[in-house]
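Novice: One structure is given below, represented as structure tokens, and several questions about it will come after.
2 protein chains.
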Amino acid sequence: MKLTGQRRTIAHVLSESDDHPDVEELYRRATAVDPRISIATVYRTVRLFEENGILRRRDFGGGRARYETTDHGDHFHLIDVDTGNVMEFDDEELKALLAGIGARMGYEIATTRLELYGRRLKKKDR
Amino acid sequence: MKLTGQRRTIAHVLSESDDHPDVEELYRRATAVDPRISIATVYRTVRLFEENGILRRRDFGGGRARYETTDHGDHFHLIDVDTGNVMEFDDEELKALLAGIGARMGYEIATTRLELYGRRLKKKDR
DNA sequence: CTAGATGCAAAGAGTTTGCACGAGT
DNA sequence: ACTCGTGCAAACTCTTTGCATCTAG
């Protein structure tokens, strides 16, 4: 894997991002650092990084893929339907339950896609 | 909502389908019954039905939307990664756990998207 | 020096839409 | 009749790709 200027820039942008940007957003952030980057390169790089396990592709609907670095492990997402804000969570009991359900159906679970879409509870309800 | 021949045909095809067809597959099945249906009409009808709560749109990846009738209630999906076969399951404990996690994070869950992607266990492992 | 990366624009895939014609109530 | 639906093709959005050029190792 050749370390080009573009790849370095995109990798840097990714390491600074703790949200879940789509390609266009990555392109925006990358060209802000170095304008000599094309959107095609962002697509190609993102795919390369995904193949090398550096990035994980997520699909939260809306037709565009979004990306997150793999370096903070396995987790699920809770999306605020009003703000679009994406939060992460993890739960061992949940993981165990899912694996059990899969096994009961005769399957070994390879990937789980779990997203909760919710609305913030009012203070008085919490 | 005007009951046209095309809509009647598409509705009929849907009622016969217990899988999760995409638009192209619906188009194929519908034109087999009545060839005077265009793909644009299938797209429009599917959207209409979704807005009226008759259909639910699902996205199992692969870039195309897939549809299922809403008349068999709330459930989750297990997708066989080798065959692409989609199975449905339900689990009360799981639902309760998810609601609890949401509440703990200060959210009321509106929608859940949960798909397990797995590989059939070999007989000896089951 | 040379394999591989980039930019650009064109091509793809899935989906939507403008417009004139056609059909349901 | 009059409104709404349909077919067709063009338009749109996101993503990929062919090709000539450039660059890292």
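Sequence order for the protein chains is E and Z. The numbering used here applies: residue 21 is where the first sequence begins, and numbers increase by one. The numbering used here applies: residue 21 is where the second sequence begins, and numbers increase by one. The C-beta atom is built at its ideal place from N, Cα and C for all residues, glycine as well.
Please classify E:HIS97: is it buried, with 16 or more other beta-carbons within 10 angstroms of its beta-carbon, or exposed?
Specialist: Within the first sequence, the letter at position 77 stands for residue 97 of chain E. Looking at its Cβ environment, which holds 16 or more other Cβ atoms inside 10 Å, E:HIS97 is buried.
Novice: Whole angstroms is fine: what's the gap from Z:THR131's alpha carbon to E:THR65's?
Specialist: Counting from one through the second sequence, the residue named residue 131 of chain Z turns up at place 111. Counting from one through the first sequence, the residue named residue 65 of chain E turns up at place 45. Taking the straight line joining both Cα atoms gives about 33 angstroms.
Novice: Could you tell me how far apart the beta carbons of E:THR89 and E:ILE57 are, in whole angstroms, since I believe they sit closer than 8 angstroms?
Specialist: Within the first sequence, the letter at position 69 stands for residue 89 of chain E. Within the first sequence, the letter at position 37 stands for residue 57 of chain E. About 19 angstroms; that fails the 8 angstroms criterion.
Novice: Since E:ASP100 and E:GLY73 are thought to touch, with beta carbons under 8 angstroms apart, how far apart are those beta carbons, to the nearest angstrom?
Specialist: Within the first sequence, the letter at position 80 stands for residue 100 of chain E. Within the first sequence, the letter at position 53 stands for residue 73 of chain E. The Cβ separation is near 29 angstroms, so there is no contact.
Novice: I'd like the ranges of any beta strand (DSSP E) spanning at least 3 consecutive residues and lying wholly in the region 29 to 76 of chain Z.
Specialist: Runs of the beta strand (DSSP E) inside the region 29 to 76 of chain Z: none found.
Novice: Reducing DSSP to helix, strand and coil, say where Z:ALA116 ends up.
Specialist: Counted from its first residue, the second sequence places residue 116 of chain Z at position 96. It is helical.
Novice: Counting only Cβ pairs nearer than 8 angstroms, list the residues of chain Z close to E:GLY122.
Specialist: Position 102 of the first sequence holds residue 122 of chain E. Within chain Z, the residues near E:GLY122 are LEU98, LEU136, GLY138.
Novice: Helix or strand or just coil, what does DSSP make of Z:THR24?
Specialist: Here the question's residue 24 of chain Z lines up with position 4 in the second sequence. If DSSP states are grouped into helix, strand and coil, Z:THR24 belongs with coil.
Novice: Reducing DSSP to helix, strand and coil, say where E:ARG133 ends up.
Specialist: Working through the first sequence from its first residue, we reach residue 133 of chain E at position 113. It is a strand residue.
Novice: Look at the Cβ atom of E:LEU136, then the Cβ atom of Z:LEU141, and state whether they are nearer than 8 angstroms.
Specialist: Along the first sequence, one-based indexing puts residue 136 of chain E at 116. Along the second sequence, one-based indexing puts residue 141 of chain Z at 121. No, the pair does not count as a contact, with Cβ atoms beyond the cut-off.
Novice: Any C-beta of chain E sitting closer than 8 angstroms to the C-beta of Z:VAL33?
Specialist: Your numbering for residue 33 of chain Z matches position 13 in the second sequence. It does not: the Cβ of Z:VAL33 has no partner Cβ on chain E nearer than 8 angstroms.
Novice: Using a threshold of 8 angstroms, state whether the C-beta atoms of Z:VAL106 and Z:PHE80 are closer than that.
Specialist: Counting from 1 along the second sequence, the entry for residue 106 of chain Z is found at position 86. Counting from 1 along the second sequence, the entry for residue 80 of chain Z is found at position 60. A contact, by the Cβ cut-off of 8 angstroms.
Novice: Check whether the Cβ atoms of E:ASP110 and E:HIS92 sit closer than 8 angstroms, and answer yes or no.
Specialist: In the first sequence, counting from the first residue as 1, residue 110 of chain E sits at position 90. In the first sequence, counting from the first residue as 1, residue 92 of chain E sits at position 72. Against a cut-off of 8 angstroms, the Cβ pair of E:HIS92 and E:ASP110 comes out as no contact.
Novice: Given a threshold of 16 other Cβ atoms within 10 Å of its Cβ, counted over all protein chains shown, does Z:ARG86 qualify as buried or as exposed?
Specialist: Here residue 86 of chain Z refers to the residue found at position 66 of the second sequence. When all chains shown are included, Z:ARG86 counts as buried.
Novice: If you measure between the beta carbons of E:VAL200 and E:ALA52, is that distance less than 8 angstroms?
Specialist: Summary: the structure shown does not reach residue 200 of chain E, with chain E confined to residues 21 through 146, and so no result is reported for it.
Novice: List the residues of chain E whose Cβ lies closer than 7 angstroms to the Cβ of Z:VAL101, in chain order.
Specialist: Against the second sequence, residue 101 of chain Z aligns to sequence position 81. Correct list: ALA130.
Novice: For E:ASP42, collect the residues of the same chain with a Cβ closer than 6 angstroms to its Cβ; drop the 5 residues on either side in sequence, then sort them by chain order.
Specialist: Reading the first sequence from its first residue, position 22 is the one you call residue 42 of chain E. Cβ neighbours of E:ASP42 beyond the five flanking positions: ARG84, ARG86.
Novice: Taking E:ASP107 as part of the beta strand (DSSP E), name the residues at either end of that continuous run.
Specialist: Numbered from its first residue, the first sequence carries residue 107 of chain E at position 87. The residue you asked about is not Asp; residue 107 of chain E is Met in the sequence shown. Note, E:MET107: beta strand (DSSP E), 106 to 109.
Novice: Helix or strand or just coil, what does DSSP make of Z:ARG84?
Specialist: To locate residue 84 of chain Z, count along the second sequence from 1; it is residue 64. DSSP places Z:ARG84 in coil when its eight states are reduced to three.
Novice: What does DSSP give as the partner residues of E:ASP100 in its beta bridges?
Specialist: Position 80 of the first sequence, counted from the first residue, corresponds to residue 100 of chain E. Note: E:ASP100 sits in a beta bridge opposite E:GLY138.
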